[in-house]
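For the sequence shown, this note's numbering begins at 6 and goes up steadily by one. Backbone N, C-alpha and C fix where the C-beta goes; we use that ideal spot for every residue, glycine too. Worksheet for the structure shown next.
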Amino acid sequence: MINDPASDTQQLSQNNTAELKQKLLELTRNRDFQPLKQKVQFYQEHLEPIVTELSRRNSSLQAEDQVPLILGVWTPIWTTIPFQDILPGRVAEQSYQIFHDDGYYANIARYAPGSKLKGWLQKLASVLLAFDLMIIQKYRVENGRWQIENIGIKQALRWQGVALTISKADAWFTKAMQSYCKANTATKIELKNLDDSTVKKLKTSFGATPQLEHLYIDRDFRIVKTRREAKQRPSYTVAIRKNNNFT
């Protein structure tokens, strides 16, 4: 059990916004790969009071005002979305959410089993293949709410030793969107090299109508509440902005 004074509501109200964001970063550090049930409990017991206090200070309450803030590249540092680790070996520092100003965004992640090995084992793993997965979605604001639509799924096998940088991820997303716009149809769902169970989960998720709400957002920090569909329990994600220059 964490002895966390941040859960004291009165004390939280005395912290400035920067201090509250720092508390969230400290509490979630190195916890994103914990079991989902444990993360949900951790959110309820330790993070929710901070999120509630930050929500009270959210200066961009209207979804329309959030659009300019969301553009660019973000990385999730902690989330209770079950889909996030649908495959083993997700590389956190090569996971991105990229928002373009044309109404489309992509969730991109590299899955590379063995990427956390050290020494000569890490060198051995670098010559193995990594699995890069991209979920393309369309976004708009309608009647004061974020409207999300699943557009397509792309995948690629690449060498682990060559990092999936922001620039490479964005180029991949841009190329996929060029194909989508040229064909004027939904991007073909690519589900190769996956077991039947994973394919089924991806197809089920893709067929849903996601819901998205920002509990807090500024130019560098987001707390997002999402549902894969209305009847599901909400998931929570803490995300920080990555370099906007795609370096």
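Look at the Cβ atom of residue 178, then the Cβ atom of residue 111, and state whether they are nearer than 8 Å.
Start at 1 with the first residue of the sequence shown, and residue 178 comes out as number 173. Start at 1 with the first residue of the sequence shown, and residue 111 comes out as number 106. Yes.
Whole angstroms are fine: how far does the CA of residue 198 sit from the CA of residue 66?
Residue mapping note: residue 66 aligns to position 61 of the sequence shown, counting from 1. Residue mapping note: residue 198 aligns to position 193 of the sequence shown, counting from 1. Those two C-alpha atoms are separated by around 42 Å.
Where residue 49 and residue 32 are concerned, what is the direct C-alpha to C-alpha distance, given to the nearest angstrom?
On the sequence shown, residue 49 is found 44 positions in, with the first residue counted as 1. On the sequence shown, residue 32 is found 27 positions in, with the first residue counted as 1. Whole-angstrom Cα-Cα distance: 13 Å.
Please state the DSSP three-state secondary structure of residue 232.
Against the sequence shown, residue 232 aligns to sequence position 227. The answer is strand: DSSP assigns residue 232 an E or B state.
Can the beta-carbon of residue 102 be found closer than 8 Å to that of residue 138?
Counting from 1 along the sequence shown, the entry for residue 102 is found at position 97. Counting from 1 along the sequence shown, the entry for residue 138 is found at position 133. In this structure, residue 138 does not lie closer than 8 Å to residue 102 by Cβ.
Using C-beta distances below 7 Å, list every residue in its chain close to residue 233, excluding the 5 sequence neighbours before and after it, in chain order.
Along the sequence shown, read from residue 1 onward, the residue named residue 233 stands at position 228. So the list reads 210, 213, 215, once near-sequence residues are dropped.
Where residue 42 sits in the DSSP three-state scheme
Translated into the one-based positions of the sequence shown, residue 42 becomes position 37. The answer is helix: DSSP assigns residue 42 an H, G or I state.
Residue 100 lies in the beta strand (DSSP E); which residues open and close that run?
Position 95 of the sequence shown, counting from 1, holds the residue named residue 100. Residue 100 -> beta strand (DSSP E) spans 95–104.
Local Cβ density within 10 Å of residue 184, reported as buried at 16 or more and exposed below that:
Indexing the sequence shown from 1 puts residue 184 at position 179. The C-beta of residue 184 has fewer than 16 other C-beta atoms within 10 Å across all chains shown, which makes the residue exposed.
Straight-line CA distance for residue 69 to residue 18?
As a working note, residue 69 is residue 64 in the sequence shown. As a working note, residue 18 is residue 13 in the sequence shown. If I take the Cα positions, the gap works out to 27 Å.
Alpha carbon to alpha carbon, how far is residue 241 from residue 174?
Within the sequence shown, the letter at position 236 stands for residue 241. Within the sequence shown, the letter at position 169 stands for residue 174. When the Cα atoms are used, residue 241 and residue 174 turn out to be separated by approximately 24 Å.
Which of helix, strand or coil does DSSP assign to residue 81?
Along the sequence shown, read from residue 1 onward, the residue named residue 81 stands at position 76. Reduced to three states, the DSSP call for residue 81 is strand.
If I follow the unbroken alpha helix (DSSP H) through residue 88, where does it start and stop?
By one-based count along the sequence shown, residue 88 stands at place 83. Unbroken run through residue 88: none, as it is neither H nor E.
DSSP three-state label for residue 174, please.
Within the sequence shown, the letter at position 169 stands for residue 174. Reduced to three states, the DSSP call for residue 174 is helix.
Residue interval of the alpha helix (DSSP H) (run including residue 204):
Counted from its first residue, the sequence shown places residue 204 at position 199. From DSSP, the alpha helix (DSSP H) with residue 204 extends over 201–211.
For residue 238, tell me which candidate among 41, 25, 34 has the shortest Cα-Cα distance.
Along the sequence shown, one-based indexing puts residue 238 at 233. The shortest C-alpha separation from residue 238 is found at 41.
Going by the beta-carbon positions, is the gap between residue 196 and residue 156 smaller than 8 Å?
Counting from 1 along the sequence shown, the entry for residue 196 is found at position 191. Counting from 1 along the sequence shown, the entry for residue 156 is found at position 151. Contact flag unset, no.
CA-CA distance, residue 244 and residue 201?
As a position in the sequence shown, residue 244 is number 239, starting the count at 1. As a position in the sequence shown, residue 201 is number 196, starting the count at 1. Those two C-alpha atoms are separated by around 31 Å.
On the criterion of 16 or more Cβ atoms from any shown chain inside 10 Å, does residue 236 qualify as buried, or is it exposed?
Numbered from 1 along the sequence shown, position 231 holds the residue referred to as residue 236. With fewer than 16 Cβ atoms within 10 Å of its Cβ, residue 236 is classed as exposed.
Helix, strand or coil at residue 137 according to DSSP, with G and I counted as helix:
By 1-based counting over the sequence shown, the position of residue 137 is 132. Residue state, collapsed to three classes: strand.
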